[in-house]
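Here the sequence shown is numbered in our numbering, starting from 437 and rising by one per residue. Beta carbons are placed, not taken as given, at the ideal position from N, Cα and C, and that holds for glycine. All remarks here apply to the structure that follows.
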Amino acid sequence: MSTYPHRERLATLFVREQQRFLESHPASKKAHAQGKDSMLGGVPMIWMAKWPGGFPVYVKSASGSRFVDLDGNEHTDFCLGDTGSMSGHSPAPTVRAISEQAQKGITLMLPTEDAAKNARVLESRFGLPRWQFTLSATDANRHLIRYARHISGRQKIAVHDFCYHGTVDETFANLASDGSTISRKNNIGAPVELSHTTVSIPFNDLAAAEEAFATGEVAAMLMEPALTNIGIVLPEDGYLEGMQALCKKYDVIWILDETHTLSAGPGGMTAQLGLEPDAVVLGKTIGGGIAVGAFGMTEALAERISDSMELESIDVGGVGGTLAGNALSMAAVQATLTEVLTSGAFEHMETLAISWQQGIQEIIDEFGLPWQVSRVGCRGEYSFRSTAPKTGAEAAAAEDFELQQFLQLHALNRGILMTPFHNMTLMSPMTQPEDVERHYKHFREAAAELFAD
Ligand SMILES: Cc1ncc(COP(=O)(O)O)c(C=O)c1O
Numbered sequence: 437m438s439t440y441p442h443r444e445r446l447a448t449l450f451v452r453e454q455q456r457f458l459e460s461h462p463a464s465k466k467a468h469a470q471g472k473d474s475m476l477g478g479v480p481m482i483w484m485a486k487w488p489g490g491f492p493v494y495v496k497s498a499s500g501s502r503f504v505d506l507d508g509n510e511h512t513d514f515c516l517g518d519t520g521s522m523s524g525h526s527p528a529p530t531v532r533a534i535s536e537q538a539q540k541g542i543t544l545m546l547p548t549e550d551a552a553k554n555a556r557v558l559e560s561r562f563g564l565p566r567w568q569f570t571l572s573a574t575d576a577n578r579h580l581i582r583y584a585r586h587i588s589g590r591q592k593i594a595v596h597d598f599c600y601h602g603t604v605d606e607t608f609a610n611l612a613s614d615g616s617t618i619s620r621k622n623n624i625g626a627p628v629e630l631s632h633t634t635v636s637i638p639f640n641d642l643a644a645a646e647e648a649f650a651t652g653e654v655a656a657m658l659m660e661p662a663l664t665n666i667g668i669v670l671p672e673d674g675y676l677e678g679m680q681a682l683c684k685k686y687d688v689i690w691i692l693d694e695t696h697t698l699s700a701g702p703g704g705m706t707a708q709l710g711l712e713p714d715a716v717v718l719g720k721t722i723g724g725g726i727a728v729g730a731f732g733m734t735e736a737l738a739e740r741i742s743d744s745m746e747l748e749s750i751d752v753g754g755v756g757g758t759l760a761g762n763a764l765s766m767a768a769v770q771a772t773l774t775e776v777l778t779s780g781a782f783e784h785m786e787t788l789a790i791s792w793q794q795g796i797q798e799i800i801d802e803f804g805l806p807w808q809v810s811r812v813g814c815r816g817e818y819s820f821r822s823t824a825p826k827t828g829a830e831a832a833a834a835e836d837f838e839l840q841q842f843l844q845l846h847a848l849n850r851g852i853l854m855t856p857f858h859n860m861t862l863m864s865p866m867t868q869p870e871d872v873e874r875h876y877k878h879f880r881e882a883a884a885e886l887f888a889d
């Protein structure tokens, strides 16, 4: 059960925050107005219109854990590009590497030596020997799905109800109350009925997974080891190990999308829990903000793929991307993995996230709110329910758009940036205890205003 603040009070406070936002962000408002004639919604990508306050904050400069907007307001960034900048903004080693590489060529349709070095670093972290590079995690997921269908001859991809894996057609599915797989609400231009391509199953439900796999129709199970895009939903004891065994039993290719759960440590949850997936997907984080994605696989999967390909048509088979593996991205990954997202950095980030989780939970308890905080390594999120959700549907049922928008805007007005579609907080190697303190201050003040008698 969730406790919701009085709607009238929430509405009044939101209007006050909107006014404060308008007054303190005139330059951002002007910049947004200038973009309105030439861009959908006045923004470079439509989801940016979803920030609360009527327009997004425009950034002048960012460094480490902070950024300054056009109006000179300084913010602690806990959104960190939704992990795109989990390395902190413009980490010195990455900047140095890309500056040097940019002088020597940016993209060529030829490999540089950095690519194989990156593959070896990723092998040492995830235990998978064969890697490919893309420009995004979305592309990495799409490519693995194509390979899985191609080599298995099976049509369907299994995913979790309320998952998110980028803009991948097969994944915009939900589980209907009658157990069928349907399109997710507001799925834009689905090419075919989702039931033809996808089986949606609840998180933490091995029986549902087995039922789906036993049909013989499932080529791959694409999943995050913990859901992170509908709040955080953690795996119950044995769930991931059970899924691994089921995938083996039914010859289903097990793909762990660690784009977000890399927050768990240098080798994500794969290394943390000693998992043995057939393939792993990584994305935005590993280039320190430079566009890149990657997927790694076992020797056995690599062989099945190689045996199924013909050199003559390899470039038009549906797996590709002209800029994939470009020299600049590879240089960024090399520096970011080896000099920024190190084991020591992850320790610092997780320590901060643990204290953030405790501090926010204490404030929640101080006001007697039935809310809770979950965490995957250096990524934490509070949800408007008293117990940790076990499925995506449970997490979705606790969502409260108005309350979330208010808390986001309240935070923004006090120099805190949260992820726009979540209550998520991420730590970078450069985030400091003062940043976390700043967050407590806003959260306590907001809770007091919403819930004090
Ligand atoms: C788990 C997961 N996979 C893939 C993606 C797609 O990443 P991108 O939009 O960088 O392609 C996301 C994006 O948030 C994600 O959360």
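Answer yes or no: the CB of residue i versus the heavy atoms of ligand 2, is any distance below 7 Å?
i	result
Asp614	Questions concerning ligand 2 fall outside what the structure shown contains, since the ligands it does hold are ligand 1.
Give the straight-line distance between the Cα atoms of residue i and residue j, rounded to the nearest whole angstrom.
i	j	result
Glu694	Glu510	31 Å
Ala648	Asn623	23 Å
Glu873	Ala882	14 Å
Gln539	Ile722	21 Å
Ser791	Gln568	37 Å
Ser438	Glu835	With a pLDDT of only 42 at Ser438, under 50, the local geometry of the prediction cannot be trusted, and the value read off the model is given with reservation. Going by the C-alpha atoms only, they are around 9 Å apart.
Asn554	Gly704	16 Å
Val451	Leu458	11 Å
Asn859	Asp597	20 Å
Ala763	Leu546	8 Å
Gln537	Ala760	16 Å
Lys621	Ser560	40 Å
Met785	Glu629	42 Å
Phe731	Pro865	24 Å
Asn640	Tyr818	20 Å
Val776	Ala485	31 Å
Ile726	Thr512	21 Å
Leu718	Arg445	42 Å
Leu476	Ala626	21 Å
Pull up the CB-CB distance for residue i and residue j, whole angstroms please, since I reckon it's below 8 Å.
i	j	result
Cys599	Met854	Not quite, the Cβ-Cβ distance comes to about 21 Å (not below 8 Å), so this is no contact.
Phe562	Ala707	6 Å
Leu564	Met733	6 Å
Gly724	Ser523	4 Å
Phe887	Phe803	5 Å
Val595	Leu658	5 Å
Leu711	Ala824	That belief does not hold up - the Cβ atoms of Leu711 and Ala824 are roughly 21 Å apart, past 8 Å.
Gln868	Ser501	7 Å
Val495	Asp505	6 Å
Lys401	Ala551	Given a span of 437 to 889 for the chain in the structure shown, any question on residue 401 remains unanswerable.
Can you tell me which of the options puts its alpha carbon nearest to the alpha carbon of residue i?
i	options	result
Ile581	Val557, Leu558, Arg566 and Glu606	Glu606
Lys413	Met705, Phe491, Ala650 and Ile542	No answer is possible for residue 413: the residues shown for the chain start at 437 and end at 889.
Asp518	His878, Ala576, Ala884 and Phe857	Phe857
Val728	Asp575, Phe503 and Trp487	Asp575
Thr664	Tyr876, Gln680 and Lys826	Lys826
Leu611	Tyr583, Ala644, Val604 and Ser588	Ala644
Asp801	Arg880, Phe503 and Gly477	Arg880
Arg585	Val604, Ala655, Ile542 and Trp807	Ala655
Arg850	Glu453, Lys592 and Arg445	Glu453
Ala890	Ile799, Ala833, Gln770 and Ala781	Examination of residue 890 is not possible in this model, given that the chain is present from 437 through 889 alone.
Glu614	Thr603, Ala626, Pro638 and Gly625	According to the sequence shown, residue 614 is Asp rather than Glu. Per the Cα distances, Pro638.
Arg895	Gly589, Asp673 and Ala469	The structure shown does not extend to residue 895, since the chain is modelled only from 437 to 889, so the question has no answer here.
Ala528	Leu773, Pro480 and Leu446	Leu773
Gly894	Lys684, Pro627, Pro661 and Gly471	As displayed, the chain neither begins before 437 nor continues past 889, which places residue 894 out of reach and without an answer.
Ser810	Ser699, Thr758, Glu677 and Ala552	Ser699
Thr787	Gln808, Leu805, Arg443 and Gly816	Gly816
Thr778	Leu506, Trp483, Thr530 and Asn577	Thr530
Leu676	Asp889, Ala662, Ile668 and Arg456	Ala662
Helix or strand or just coil, what does DSSP make of residue i?
i	result
Val716	strand
Gly678	helix
Asp513	strand
Leu630	helix
Ala612	coil
His579	helix
Val504	strand
Arg815	strand
Thr607	helix
Asp743	helix
Ser438	With a pLDDT of 42 at Ser438, under the threshold of 50, the modelled position of that residue is not reliable, and no figure is offered here.
Asn849	coil
Phe569	strand
Leu907	The question about residue 907 has no answer, for the chain in this structure spans 437 to 889.
Trp690	strand
Ala771	helix
Ile637	strand
His696	coil
Determine whether the Cβ of residue i lies closer than 8 Å to any Cβ atom of chain D.
i	result
Ile852	In summary, chain D is missing from the structure at hand, where a single protein chain is found.
* **the region 759-773 / the region 837-847 touching (three or more Cβ pairs under 8 Å)** => no
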